[in-house]
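Encoded as structure tokens, the structure appears first; notes follow it.
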Amino acid sequence: MNVVCETERLYIRQFNTQDTEFIVKLLNDESFIRNITDKKVRTNADALNYLINGPLSSYQTFGFGLSLVLLKETKTPIGMCGLLKREELDYPDLGYALLPEFCGKGYANEASSSLIKEEMASYSLNTVLAVTFLNNLRSNSLLNKIGFKLKGNIELYGSQNNLYEYSCKTANKPFKQDK
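Take the sequence shown: its letter number 147 is residue 147 in this note's numbering, and every next letter is one higher.
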């Protein structure tokens, strides 16, 4: 298991090509589609393509990406959490999603806050962003709880979103990919 970080209750590990069934389940959940977007991943083949061209590619390019969140005790996959690097943003941004039956139990807070600390230290990042739909009250609340500050609004992929920033006390420099 390629563990990115662990908490008292969770393992966060890199995705692999064996995670297709979970990806189909998570990405087709009504709350994922409503609060993030419809990725149009309907089959295991779609999920494999999503994994190869999304998280697995990101690991190779940047070292980080979305990772699988599992309950430590049972190894049950419950969601994903990680940093993404989008061309539209100057800094990596935090992404996360949990299956509905695991929401409201503090798992998103636990995974996100642990992952932010680990990844910022591992990749010498001074700033991480987060983008949420304006009406995604749970995510907006969570980001405030874990130390993100609302910077304003941003249009991304045709929708208005809140733009949050989490910053270390050191000088901020744009993320640059090592070549």
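Using N, Cα and C, we set each Cβ at its ideal position, and we do this for glycine too.
Note that the structure is predicted; figures quoted are calculated from it, not measured.
When you compare each of the options to residue i by their alpha carbons, which one comes out closest?
| i | options | result |
| --- | --- | --- |
| R13 | R86, E118, L27 | E118 |
| L150 | Y157, S159, L156, N140 | N140 |
| I116 | E155, R34, T7 | T7 |
| R9 | T74, L51, E87, S67 | T74 |
| K105 | G79, S124, L125 | G79 |
| F32 | N16, M120, G95 | G95 |
Short check: CB of residue i to CB of residue j, under 9 Å?
| i | j | result |
| --- | --- | --- |
| C103 | R138 | yes |
| T76 | N44 | no |
| L89 | S58 | no |
| L143 | Y164 | yes |
| L194 | N16 | There is simply no residue 194 to check, as the chain begins at 1 and stops at 179 in what is shown. |
| L134 | N109 | no |
Specify the secondary structure class of residue i as computed by DSSP and reduced to three states.
| i | result |
| --- | --- |
| M100 | Here the sequence assigns Pro to residue 100, which means Met is not the residue at that position. Reduced to three states, the DSSP call for P100 is helix. |
| I154 | strand |
| S141 | helix |
| K117 | helix |
| Y123 | coil |
For residue i, I'd like the list of residues in its chain whose CB is within less than 7 Å of its CB, leaving aside the five on either flank, ordered along the chain.
| i | result |
| --- | --- |
| I36 | A97 |
If you scan the stretch 1 to 50 from start to end, which runs of the alpha helix (DSSP H) of 4 or more residues do you find wholly inside it?
For the stretch 1 to 50, whole alpha helix (DSSP H) runs of length 4 or above, ordered along the chain, are 20 to 27, 30 to 35.
Which ranges would you report for the beta strand (DSSP E) in the stretch 59 to 92 if only whole runs of at least 3 residues count?
As far as the stretch 59 to 92 is concerned, its whole beta strand (DSSP E) runs of at least 3 residues are 66 to 71, 77 to 84.
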